[in-house]
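Q:
2 protein chains.
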Amino acid sequence: MPGPDVGDNRVNLGIGDDTAIIKADSGEELLFTTDTLISGVHFPEATDPTAIGHKSLAVNLSDIAAMGGQARWFTLALSLPDIDTDWLQSFSTGLLLLAKKFGVSLVGGDTTRGALSITISVIGTVPEGTAVRRSGARPGDTIFVTGHPGMAALGLASIKGNIDLPDTIKTAFQKKLDYPHPRLQEGNCLRNTATSMIDISDGLAADLGHILAASECSAVIDSDSLSHWQPASSALAGTRLLDAALYGGDDYELLFTVPMDMSVLLEQEWRSSFSPLLRIGDITEGTGLKVRDRHGNLMKITERGYNHFHD
Amino acid sequence: MPGPDVGDNRVNLGIGDDTAIIKADSGEELLFTTDTLISGVHFPEATDPTAIGHKSLAVNLSDIAAMGGQARWFTLALSLPDIDTDWLQSFSTGLLLLAKKFGVSLVGGDTTRGALSITISVIGTVPEGTAVRRSGARPGDTIFVTGHPGMAALGLASIKGNIDLPDTIKTAFQKKLDYPHPRLQEGNCLRNTATSMIDISDGLAADLGHILAASECSAVIDSDSLSHWQPASSALAGTRLLDAALYGGDDYELLFTVPMDMSVLLEQEWRSSFSPLLRIGDITEGTGLKVRDRHGNLMKITERGYNHFHD
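Chains as they are written, first to last, in our numbering: chain A, 46 to 356; chain B, 46 to 356.
Written out as structure tokens, the structure is:
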């Protein structure tokens, strides 16, 4: 599979030797990550191969975005049960269009015969000392999320026939599931503002939990911020939307914290070209994650589900 | 799985965030490669998990060795049909012992449920401009190989019951198949001497073919250099050894070329701690690969097999 022509002058040697050769640069740090997608686990078996190609790269680019980095180079390890030229063509189209969009170069690969599985590894870069980790959230910080978490889970539920959605919403949610948009530009802009950041792959509650564990603090989420958004609110109950946002996965939105005194400015300056920005709660002292309803009542979130909680 | 403690002061952040963070350095180039091992394809299903862990990393380190580089950091993507603690413990032991041996750090990973498959991606480094490519062989260069190619293929044949070997040889050959030793030290020493280099994964004929294609030249191999080596010669016919060397894969030895006027010095200075060094032939003008017997007769090598050839 040829790499995309991105005119990458740091790739001294691309596909075709034992390894790629890439020029290093002082003053920067390398971000290195890998993720696997398996048919029937990470995408329904009937998924369009163009979407599989797109999503395989997108979930990896999303990890680079969550550090505030620029995605640069990637390798592809593809296992296929048999050579299917049409499938490969569609897969490549989805993969390479996304690669071109973000200027990331395919520099190596390995194709093997086996159950359908795609592993991509990405190297990104970030100016030295500026990567945004999970461990920097502090009590008083405001919590934001890009986009509307829960869309991908609702899209999957509609494919499975578990919920009934109007056609326009159904299409949008399924597109969100199949073609997640890695928030690289947003992550890059947040590099000097966010105190902590993660991408939502396991669901907001679980991924915010990772930030809280790494930062040794607690958080309160306002349920209204996640349970009322048009046009979804007109088709689904607020509790269903809240549940999808907290526990659904596969959104690949960025969840991050900023110091409270920078939060208003951030909202004002958030670019119109970016995904919507939701202010969803606050970092607090203590441990665990709580949800606050519009009346100020707190519910503690456990593994999966709410517990009414009085304190 | 915890990373090995290799005291790596360039890893600013290891496993546990969205990506690892690694300090870059000017004056060096990055080598980036990925390889997948699938059960039943790249190793027999009954293979000891310690060997699977070792081999998964070894085949990737071998690619770094073939560029003359130093292996530095790797990620592991592991698909497992179910959680088997004993299996994971043995796998990790094989993987991390080899990692520690060569000072390469595990900095990221992804574990998924699926058919047994291991994809490892490695970043290596090399001083800028010193990586050894496949494309630098020139007519007149001498061709060398480390070790005795064919051992792994003969080991596999003995496991399958296709050949009968004395126990000591059988054990050695099967160990070669299961625990290939990446020639990182040898590759590193060859950085300023070799004009081209590759590791033997597909078989000597195929991999030398890659060098010839990239370097646009031809080669003549002396059959005696590959068909007579003790103790194998006492158990197997020379033609069987030659066949295994030319067409067997999985050896992970280094195949390389050096200018003729440096070849004698190289042989003299080859360290006793290294694997044996075989001088196997010469790079010539033209195309294709030929084998020369002890009488000087040339046979042209086609896809798989010899053709008697007169010129």
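Note that the Cβ used here is the ideal one computed from N, Cα and C, for glycine as well.
Spatial neighbours of B/Leu-253 within its chain, please: C-beta separation below 8 Å, excluding the five flanking residues on both sides.
A: Here the set comprises Ile-188, Ile-243, Ala-264, Ile-266, Leu-300, Leu-334.
Q: Out of B/Ile-256, B/Ile-325, B/Pro-194, which has the shortest C-alpha to C-alpha gap to B/Gly-293?
A: Looking at the Cα atoms, B/Pro-194 is the closest of the given residues.
Q: So who's on the other strand from A/Ile-128, going by DSSP bridges?
A: In DSSP, A/Ile-128 forms no bridge with anything.
Q: If I measure Cβ to Cβ from B/Thr-357 and keep anything under 8 Å in the same chain, skipping five residues before and after, which residues do I get?
A: The requested residue 357 of chain B does not occur in the structure, where chain B is confined to residues 46 to 356.
Q: My guess is that B/Thr-191 and B/Leu-322 are in contact by the Cβ rule of under 8 Å, so how many angstroms apart are they, rounded?
A: Indeed they touch by this definition, with Cβ atoms about 6 Å apart.
Q: Give the straight-line distance between the Cα atoms of A/Arg-324 and A/Met-307, rounded to the nearest whole angstrom.
A: Taking the straight line from one Cα to the other gives about 12 Å.
Q: Sort out for me which residues DSSP pairs B/Ile-188 with in a bridge.
A: B/Ile-188 pairs with B/Thr-302, B/Gly-326.
Q: Using a threshold of 9 Å, state whether the C-beta atoms of A/Ser-124 and B/Ser-162 are closer than that.
A: Yes, they are a contact pair.
Q: Please identify, using Cβ separations under 9 Å, the residues of the stretch 62 to 83 of chain A that lie next to chain B, in order along the chain.
A: Taking 9 Å as the Cβ-Cβ cut-off against chain B, the residues of the stretch 62 to 83 of chain A that qualify are Asp-62, Asp-63, Thr-64, Ala-65, Ile-66, Ile-67, Lys-68, Ala-69, Asp-70, Ser-71, Gly-72, Glu-73, Glu-74, Leu-75, Leu-76, Phe-77, Thr-78, Thr-79, Asp-80, Thr-81, Leu-82, Ile-83.
Q: If we count the other Cβ atoms within 10 Å of its Cβ and call it buried at 16 or more, is B/Ile-67 buried or exposed?
A: Answer is buried; the Cβ neighbour count reaches 16.
Q: Along the chain, where does the beta strand (DSSP E) that runs through A/Met-112 open and close?
A: Careful: A/Met-112 lies outside any beta strand (DSSP E) and carries neither H nor E.
Q: Taking B/Asp-244 as the query, report the chain A residues whose CB atoms sit under 7 Å from its CB, ordered along the chain.
A: Per Cβ cutoff of 7 Å: Asp-63.
Q: Since A/Phe-218 is in the alpha helix (DSSP H), which residue starts that stretch and which ends it?
A: It spans 212 to 223 - the alpha helix (DSSP H) in which A/Phe-218 sits, taken as one unbroken run.
Q: Taking the alpha helix (DSSP H) that B/Ala-202 falls in, what are its first and last residues?
A: 196 to 204 is the extent of the alpha helix (DSSP H) around B/Ala-202.
Q: Are the C-beta of B/Met-112 and some C-beta of chain E separated by less than 9 Å?
A: The structure shown contains no chain E; the protein chains it does contain are A and B.
Q: Roughly how many whole angstroms lie between the Cα atoms of B/His-355 and B/Lys-145?
A: Reliability fails at B/His-355, whose pLDDT of 40 lies under 50, so the model's placement of it is uncertain and no value is given.
Q: Find the residues of chain A that neighbour B/Gly-169, judging by a C-beta separation of less than 8 Å, and give them in chain order.
A: Within chain A, the residues near B/Gly-169 are Thr-64.
Q: Can you tell me whether DSSP reads B/Asn-105 as helix, strand or coil?
A: B/Asn-105 falls in the helix class under three-state DSSP.
Q: Between A/Ala-176 and A/Arg-236, is the Cβ-Cβ spacing less than 9 Å?
A: Cβ distance < 9 Å, so A/Ala-176 and A/Arg-236 count as in contact.
Q: Within 10 Å of its beta-carbon, does A/Asp-62 have 16 or more other beta-carbons around it, so buried, or fewer, so exposed?
A: Result: buried.
Q: Determine, for A/Trp-118, whether the minimum Cβ-Cβ distance to residues of chain B falls below 9 Å.
A: Taking Cβ atoms only, chain B reaches closer than 9 Å to A/Trp-118, which makes this a yes.
Q: Just to confirm before moving on: does the CB-CB distance between A/Thr-81 and B/Ala-65 stay below 9 Å?
A: No.
Q: Got a sec: which bits of the stretch 132 to 164 of chain A sit with their beta carbon under 8 Å from any beta carbon on chain B, in order along the chain?
A: Correct list: Val-152, Gly-153, Gly-154, Asp-155, Thr-157, Arg-158, Gly-159, Ala-160, Ser-162, Thr-164.
Q: Output the distance between the C-alpha atoms of B/Ser-320 and B/Ala-110, rounded to the nearest integer angstrom.
A: Cα-Cα distance, rounded: 14 Å.
Q: Given that a residue counts as buried once 16 or more other Cβ atoms are within 10 Å of its Cβ, and exposed if not, what is B/Asn-342?
A: It is exposed - the Cβ of B/Asn-342 has fewer than 16 other Cβ atoms within 10 Å.
Q: For B/Leu-57, which three-state DSSP category applies?
A: Going by the sequence as given, residue 57 of chain B is Asn instead of Leu. Reduced to three states, the DSSP call for B/Asn-57 is strand.
Q: Going by other Cβ atoms of all chains shown within 10 Å of its Cβ, with 16 needed for buried, is B/Ile-346 buried or exposed?
A: The residue is buried, with at least 16 neighbouring Cβ atoms inside 10 Å.
Q: In chain order, what residues of the same chain lie with their CB nearer than 6 Å to the CB of B/Asp-223, ignoring the 5 residues before and after it?
A: Ala-96.
Q: Does any residue of chain A bring its CB to less than 9 Å from the CB of B/Val-190?
A: No, B/Val-190 lies away from the interface with chain A (no Cβ there is under 9 Å from its Cβ).
Q: Taking the DSSP output, what are the residues bridged to B/Pro-172?
A: In DSSP, B/Pro-172 forms a bridge with B/Glu-73.
Q: Just checking: is the beta-carbon of B/His-226 within a distance shorter than 9 Å of some beta-carbon in chain A?
A: Not an interface residue.
Q: Rounded to a whole number of angstroms, what is the C-alpha to C-alpha distance between B/Met-344 and B/Ser-279?
A: For B/Met-344 and B/Ser-279, the distance between alpha carbons rounds to 25 Å.
Q: Using the beta-carbon of each residue, which ones in chain A are nearer than 7 Å to B/Ala-176?
A: Here the neighbours are Ile-66.
Q: Using a Cβ cut-off of 9 Å (strictly closer), state whether A/Ser-180 contacts chain B.
A: Judged by the 9 Å Cβ criterion, A/Ser-180 is in contact with chain B.
Q: Can you give, in chain order, each stretch of the alpha helix (DSSP H) that sits fully within the stretch 244 to 277 of chain B and has at least 4 residues?
A: Whole alpha helix (DSSP H) segments, 4+ residues: 249 to 260, 268 to 272.
Q: Contact criterion: CB-CB distance below 9 Å. Does B/Asn-54 meet it with respect to chain A?
A: It does not: the Cβ of B/Asn-54 has no partner Cβ on chain A nearer than 9 Å.
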